[in-house]
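2 protein chains.
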Amino acid sequence: MSRQVLIIGAVALGPKAACRFKRLEPESRVVMIDQGEIISYGGCGIPYFISGDVSEPDQLQSTSFHMLRDPRFFRDVKDVEVLTRTRALSINRKQKVVAVRDERSGETSEMPYDLLVLATGSVPNRLPIPGTDLDGVFTVSNIEEAVAIRNRVSRGLVEQAVVVGAGAIGLEVAEALSDLWGVETSVVEIRDQILAGFLGRNLARMAHRHLQTRGVEVNTGETVLRFEGEGKVERVVTDQRILKADLVIMAVGVRPNAHLAREAGLELTPGGGVAVNERLQTSDPAIYAGGDCVEITHLITGKPAHFPLGSLANRQGRVIGTNLAGGNAVFEGAVGSWVMKIFDISVAGAGLTLGAAKTAGFDAASTLVVQFDRAHFFPEKDLMYLELVVEKGSGRVLGIQGLGNKGDGMVGRINAVAAILKDRPTTADISNLELPYSPPFSSAMDILNALGNTAENMLEGRNRTADPDFFAQCWEERGTGETLVIDCRAPRNAEPYVRSHPWHWKNIPQDELRRRLDEVPRDRKLLLVCNTGVRSFEAQRILDQAGISDTLNVQGGVAALKKCGLDPAGEQDDG
Amino acid sequence: MSRQVLIIGAVALGPKAACRFKRLEPESRVVMIDQGEIISYGGCGIPYFISGDVSEPDQLQSTSFHMLRDPRFFRDVKDVEVLTRTRALSINRKQKVVAVRDERSGETSEMPYDLLVLATGSVPNRLPIPGTDLDGVFTVSNIEEAVAIRNRVSRGLVEQAVVVGAGAIGLEVAEALSDLWGVETSVVEIRDQILAGFLGRNLARMAHRHLQTRGVEVNTGETVLRFEGEGKVERVVTDQRILKADLVIMAVGVRPNAHLAREAGLELTPGGGVAVNERLQTSDPAIYAGGDCVEITHLITGKPAHFPLGSLANRQGRVIGTNLAGGNAVFEGAVGSWVMKIFDISVAGAGLTLGAAKTAGFDAASTLVVQFDRAHFFPEKDLMYLELVVEKGSGRVLGIQGLGNKGDGMVGRINAVAAILKDRPTTADISNLELPYSPPFSSAMDILNALGNTAENMLEGRNRTADPDFFAQCWEERGTGETLVIDCRAPRNAEPYVRSHPWHWKNIPQDELRRRLDEVPRDRKLLLVCNTGVRSFEAQRILDQAGISDTLNVQGGVAALKKCGLDPAGEQDDG
Chain A
950 MSRQVLIIGA VALGPKAACR FKRLEPESRV VMIDQGEIIS YGGCGIPYFI
1000 SGDVSEPDQL QSTSFHMLRD PRFFRDVKDV EVLTRTRALS INRKQKVVAV
1050 RDERSGETSE MPYDLLVLAT GSVPNRLPIP GTDLDGVFTV SNIEEAVAIR
1100 NRVSRGLVEQ AVVVGAGAIG LEVAEALSDL WGVETSVVEI RDQILAGFLG
1150 RNLARMAHRH LQTRGVEVNT GETVLRFEGE GKVERVVTDQ RILKADLVIM
1200 AVGVRPNAHL AREAGLELTP GGGVAVNERL QTSDPAIYAG GDCVEITHLI
1250 TGKPAHFPLG SLANRQGRVI GTNLAGGNAV FEGAVGSWVM KIFDISVAGA
1300 GLTLGAAKTA GFDAASTLVV QFDRAHFFPE KDLMYLELVV EKGSGRVLGI
1350 QGLGNKGDGM VGRINAVAAI LKDRPTTADI SNLELPYSPP FSSAMDILNA
1400 LGNTAENMLE GRNRTADPDF FAQCWEERGT GETLVIDCRA PRNAEPYVRS
1450 HPWHWKNIPQ DELRRRLDEV PRDRKLLLVC NTGVRSFEAQ RILDQAGISD
1500 TLNVQGGVAA LKKCGLDPAG EQDDG
Chain B
950 MSRQVLIIGA VALGPKAACR FKRLEPESRV VMIDQGEIIS YGGCGIPYFI
1000 SGDVSEPDQL QSTSFHMLRD PRFFRDVKDV EVLTRTRALS INRKQKVVAV
1050 RDERSGETSE MPYDLLVLAT GSVPNRLPIP GTDLDGVFTV SNIEEAVAIR
1100 NRVSRGLVEQ AVVVGAGAIG LEVAEALSDL WGVETSVVEI RDQILAGFLG
1150 RNLARMAHRH LQTRGVEVNT GETVLRFEGE GKVERVVTDQ RILKADLVIM
1200 AVGVRPNAHL AREAGLELTP GGGVAVNERL QTSDPAIYAG GDCVEITHLI
1250 TGKPAHFPLG SLANRQGRVI GTNLAGGNAV FEGAVGSWVM KIFDISVAGA
1300 GLTLGAAKTA GFDAASTLVV QFDRAHFFPE KDLMYLELVV EKGSGRVLGI
1350 QGLGNKGDGM VGRINAVAAI LKDRPTTADI SNLELPYSPP FSSAMDILNA
1400 LGNTAENMLE GRNRTADPDF FAQCWEERGT GETLVIDCRA PRNAEPYVRS
1450 HPWHWKNIPQ DELRRRLDEV PRDRKLLLVC NTGVRSFEAQ RILDQAGISD
1500 TLNVQGGVAA LKKCGLDPAG EQDDG
């Protein structure tokens, strides 16, 4: 049986579905249309094209064997017909035709289908403020825009840039402008932390600080009011300051491009995406949809969610290709795995942050662990920072986030948890994850295993914790004298702190604690710190045994405090 | 309730169990005994101490915060008593006492217990041949031996070394001797491949070749007959040659050290390990055991297996610690995750190799995929080689092995599969693994996803494959003229091959194949190759459609052949 498959959209999901289908059913005909000129490109590579890491836009559109994925490629290699600059205007589901317009000639026509695929992607949000149409104000939604941005930057026309939005795309572009081109770049974010929804407060502090040490000014909790300039943008006016800017990038999220589906009467999700079942079929069985234009099931909350990610689009494309050919492939949903590079570090995660878990109605808590990324006796190593979000009571793991150096070690840990997250793991499953071990790659008790152990100890009340954020709050209020820090490290490490803050910081090395219990005050709340939180946990157990229980173990220890920019060593105390 | 816990063995599992138990039940007493002087060290770090990467043996015995884990440490920090140089002689289960001998004084005594933990580890196998007691012949089973080996090497006393056994330890030590100290090192392996049981034949070829390019001579399929020398070792005599040697390392595996358990009448496994249940309890409920002295369930075969790995010992130690305190923690078993560095590459795996799967009775097949480790348009990238072992029919995934550069990208992929392997994933689960994606770390369709897809296509008969090993065999027999290679790459890539082998190698680029079908001979078996196996798969589909079905797609393409040392480009053909 030869069938006619029509695919609207030829960037990520469309080509994947087309090729998979043709391999399964070579006798059928596939036509793919796209409103743009450039098709089948790696959109997630745009920041690396802007930076110059990727030298030509063609590279984003090429196969690994250097063939350009243009209409000729799809015809000769894949036997798929592609029409570019061709816009779908409406779908007539009864007649099974799509009205299209050739954007070159302006002519309209109708294209028939037996099966239709919607791969219409997403549209970038634009701020509802004055000045967004000034020259020099961009979103970063396609290659054409990226080329325009890089042209300006590479010709030296940009001295100062403002990125609005501290999400993944915004920060990647900020790094590209700042690091490779030396553009003075600042980021303005309306929420009170960067990467909201991706990182919890503590890891966000660390990433924020890293951006600042690399010269990117990040202003959180700040609202952009308007862009100003004569013809071209010159200034960004926020509720707190005026920033000079030759270039503005609006990176304030995207939303599903579902207007064709809506007008055709297909079911939509509450978030405005095309609604699909597990086979990625819309409410019309002859129409499939996937990628950025749909909402799929968030496998932690069970609710529809928008995951505009090229990786999911590709996997969904294959599922659709199989099902177009009469198969029965399913796409269950996603847990939201992600990773990004920020200068010299990587941040990554899967599932929910602590904040998102609470918003979703979970009675959630989180634990932070700091440990070397490989055997501590191995010469090359770095500290890694991982946060596990868990449900109290059940011990169910809801999410994980982490920060490490820019190598692959961080994403490798997230890989392991992302792989099991949909199957409702508990902390014990993390404790027992069987990660490959060898000193150049991991620890015998890897940081992931330690994370599961620590979360379990926290949930069972054995490890009563304070995160760096809470430590900062206590430290701010230390003037009341209610709190005392007990530093469980060796005297040489604790000494600068004790010297600066004699009334607030006391050193009792953990290995001396059992015999120095009478030095521990019983009338103050104790914050126990060591280098990473291991010895202070041990100290807490000793103090518990001695009946001293008003203690909190500072998670991640001084290493985490330093990474958050909260190190009190240098400050001079007035107390 | 205060109890007396006695632990025999203080290297990995013992200390972990002791510390976990003491945190849960601080009022109880724990005594740990060990026959050695040095306790609680990272045995897996020994090759890195021999190489000099780890400068002092103390570092293997220290915490990440530089405290030496000696008896004083365990007393002050952990409230655990340790007796070194104390050998357990026998267990009286009725009286609940262990007879011990102080190896310093020779005095014997009895130590009572309420609960006993056997952490007696493993003993290295020694070859049953003449000369193993010559000076200069070592196993690598403890720090004392490692110190002796490094002393010889660092004092310049070793010019030539022979390592017997090409398992993980043998190869790590060979690298240490060769790379850091410049010792002329050769490895002799009785089996016909290196890392048997860890890698399949194709990846083993690649790793073997890498060792040889780095100057380590590896002789497989060769049996050592005896060591010879006057007082100290001078020669290794095999069934094929005589190798000069100042130093011999026997790295021919280890076996559970279970003699105490056996003599006490505890149940053993067929492989000679202590038998334990999921709570890691022996056949005597008052006695727990774990680490190298037990066999645990292999979660793929369901049978008992010996996994002498520090990582598992640590996790088992925590389970025992919990259960000593009346908890109910379980250790289900292991899938056998592992990783090792070999000079500039890493090799890793989990579950069964193709050979092991067949031996275990599975109707198994495997697929090899070669792809970049990150987005192909990202400037820094390397090819990665992954093999997936699957059960025919069910599509169940039985194992994965891989080879990549020495970074963390390889182990990160294995992490993801190792995490789900015990839950009987199918190829679809690998295809849909939700790995975090960003161009600096991975591909939109990551190599792991591609591996699942390829395995599915193979199992469903759409991708009929030949692995490099089979290619080598066909190529060897090419004189018969039965086989023709169709090179689907661009002419510039294929040209050197066609020139050298005009009768055996023909170039039809895949994008021209549909219109050049009449050039394809129908009377010869066709081996389809491209660079990595993607275009040749596409070509196979086109040929199938044209009714030409006596074709095999060479997995991993020319990239895999080259990596295996099987590149026919340079050879001159007589055909």
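Protein sequences, first through last, are from chains A and B. So for the first sequence, my numbering puts the first residue at 950; every next one is plus one. So for the second sequence, my numbering puts the first residue at 950; every next one is plus one. Positions of the beta carbon are idealized from the N, C-alpha and C atoms, including for glycine.
**OP:** Mind listing the chain A neighbours of residue 1547(B)? Cutoff is C-beta to C-beta under 7 Å, in chain order.
**Re:** It is not possible to answer for residue 1547(B), since the shown part of chain B is limited to 950 through 1524.
Subject >> Residues bridged to residue 1191(A) [DSSP beta-bridge criterion] >> reply: Residue 1191(A) is bridged to 1186(A).
Original post:
Can a CB atom of chain B be found closer than 8 Å to the CB of residue 1258(A)?
Top reply: Residue 1258(A) counts as touching chain B.
**OP:** Per DSSP, which residues does residue 1087(B) bridge with? Please list them.
**Re:** Note: residue 1087(B) sits in a beta bridge opposite 1198(B).
Original post:
Just the Cα atoms here: how many angstroms apart are residue 1525(A) and residue 1018(A)?
Top reply: Summary: the structure shown does not reach residue 1525(A), with chain A confined to residues 950 through 1524, and so no result is reported for it.
**OP:** Could you spell out where the alpha helix (DSSP H) holding residue 1269(B) opens and where it closes?
**Re:** Annotation for residue 1269(B): the continuous alpha helix (DSSP H) segment containing it runs 1259-1273.
Subject >> Counterpart residues of residue 1295(B) in DSSP-defined beta bridges >> reply: For residue 1295(B), DSSP records a beta bridge to 1290(B) and 1353(B).
Subject >> Contact set between the segment 1385-1402 of chain B and chain A, restricted to residues whose Cβ is under 9 Å from the partner >> reply: Those would be 1385, 1386, 1387, 1388, 1389, 1390, 1391, 1392, 1393, 1394, 1395, 1397, 1398 and 1402, in chain order.
**OP:** Starting from the N-terminal side, write out each stretch of the beta strand (DSSP E) that is 3 residues or longer and does not extend beyond the segment 1389-1446 of chain B.
**Re:** Entirely contained in the segment 1389-1446 of chain B, the beta strand (DSSP E) runs reaching 3 residues are, in chain order, 1432-1436.
**OP:** Go to residue 1175(A), then tell me how far its beta strand (DSSP E) extends in each direction, as first and last residue.
**Re:** First-last of the beta strand (DSSP E) with residue 1175(A): 1173-1177.
Original post:
Residues in its own chain within less than 6 Å of residue 1043(B) by CB, not counting five upstream and five downstream?
Top reply: Result list for residue 1043(B): empty, nothing under 6 Å.
Original post:
Roughly how many angstroms lie between the CA atoms of residue 1510(B) and residue 1010(A), to the nearest whole one?
Top reply: Computed Cα separation, rounded: 28 Å.
**OP:** Count the other CB atoms, across all protein chains shown, that sit within 10 Å of the CB of residue 1252(B); report buried if there are 16 or more and exposed otherwise.
**Re:** So residue 1252(B) ends up on the exposed side.
**OP:** Determine the DSSP secondary structure at residue 1247(A), reduced to helix, strand or coil.
**Re:** Three-state result, residue 1247(A): strand.
**OP:** Have a look at residue 1354(A) and residue 1308(A) and give me their C-alpha separation to the nearest angstrom.
**Re:** Going by the C-alpha atoms only, they are around 30 Å apart.
Subject >> Cβ separation of residue 1310(A) and residue 1348(A), assumed to be a contact under 8 Å, to the nearest whole Å >> reply: Approximately 14 Å separates the beta-carbon atoms of residue 1310(A) and residue 1348(A); this is outside 8 Å, ruling out the contact.
Original post:
Unbroken alpha helix (DSSP H) runs of length 4 or more, entirely within the segment 1464-1497 of chain A: which are they?
Top reply: The alpha helix (DSSP H) runs lying completely inside the segment 1464-1497 of chain A and spanning 4 residues or more are 1483-1494, given in chain order.
Original post:
So what does DSSP say about residue 1162(A), is it helix, strand or coil?
Top reply: Reduced to three states, the DSSP call for residue 1162(A) is helix.
Subject >> Cβ shell of residue 1111(B) (< 7 Å), same chain only, five flanking positions each side left out >> reply: Hits under 7 Å: 1135, 1137, 1185, 1192, 1194 and 1197.
Subject >> Proximity test, Cβ basis, 8 Å: residue 983(B) and chain A >> reply: Residue 983(B) does not count as touching chain A.
Original post:
Which residue or residues does DSSP assign as beta-bridge partners of residue 1454(A)?
Top reply: The partner list for residue 1454(A) (beta bridge, DSSP) reads 1434(A).
Original post:
Does the segment 1455-1469 of chain B come close enough to the segment 1372-1392 of chain B that 3 or more CB-CB pairs lie under 8 Å?
Top reply: No, they do not touch.
**OP:** Grab the span of the beta strand (DSSP E) containing residue 1136(B) for me, first residue to last.
**Re:** For residue 1136(B), the enclosing beta strand (DSSP E) stretches over residues 1133-1137.
Subject >> Residues of its chain near residue 1236(A), where Cβ-Cβ distance is below 6 Å and the 5 sequence neighbours each way are ignored >> reply: Excluding positions up to five away in sequence, the list reads 1065.
**OP:** Determine whether the Cβ of residue 1522(A) lies closer than 8 Å to any Cβ atom of chain B.
**Re:** Any reading at residue 1522(A) must be qualified, since the residue scores a pLDDT of 49, below 50, and its modelled position is unreliable; no value is offered.
Original post:
How many whole angstroms separate the CB atoms of residue 1286(B) and residue 1385(A), which I take to be in contact at a CB cut-off of 8 Å?
Top reply: Contact flag correct, Cβ pair sits at about 4 Å.
**OP:** Give the residues of chain A in contact with residue 1002(B), contact being defined as C-beta atoms less than 8 Å apart.
**Re:** Correct list: 1327 and 1328.
Original post:
If you draw a straight line from the alpha carbon of residue 1083(B) to that of residue 1124(B), how long is it in whole angstroms?
Top reply: The alpha-carbon atoms of residue 1083(B) and residue 1124(B) are separated by roughly 23 Å.
Original post:
Around the Cβ of residue 1106(A), are there at least 16 other Cβ atoms within 10 angstroms (buried) or fewer (exposed)?
Top reply: Residue burial is scored here from C-beta neighbours: residue 1106(A) has fewer than 16 other C-beta atoms within 10 angstroms and is therefore classed as exposed.
Subject >> Check whether residue 982(B) and residue 1026(B) have beta carbons under 8 Å apart >> reply: Between residue 982(B) and residue 1026(B), the C-beta spacing is not below 8 Å.
Original post:
Just how far apart, CA to CA, sit residue 1101(A) and residue 1169(A)?
Top reply: Take the alpha-carbon of residue 1101(A) and the one of residue 1169(A): they are about 27 Å apart.
Subject >> Host beta strand (DSSP E) of residue 1603(A) (start-end) >> reply: Look at the range of chain A in this structure, 950 to 1524, and you will see that residue 1603(A) is not part of it.
**OP:** Using a threshold of 8 Å, state whether the C-beta atoms of residue 1263(A) and residue 961(A) are closer than that.
**Re:** In terms of Cβ geometry, residue 1263(A) and residue 961(A) form a close pair [threshold 8 Å].
Original post:
Is it the case that the Cβ atoms of residue 1327(B) and residue 990(A) are separated by a distance below 8 Å?
Top reply: No. Outside cutoff.
Original post:
How far does the alpha helix (DSSP H) with residue 1301(A) in it reach, from first residue to last?
Top reply: Boundaries cannot be given for residue 1301(A), as no alpha helix (DSSP H) includes it and DSSP labels it neither H nor E.
**OP:** Can you have a look at residue 1322(B) and say buried or exposed, based on whether 16 or more other CB atoms are within 10 angstroms of its CB?
**Re:** Result: buried.
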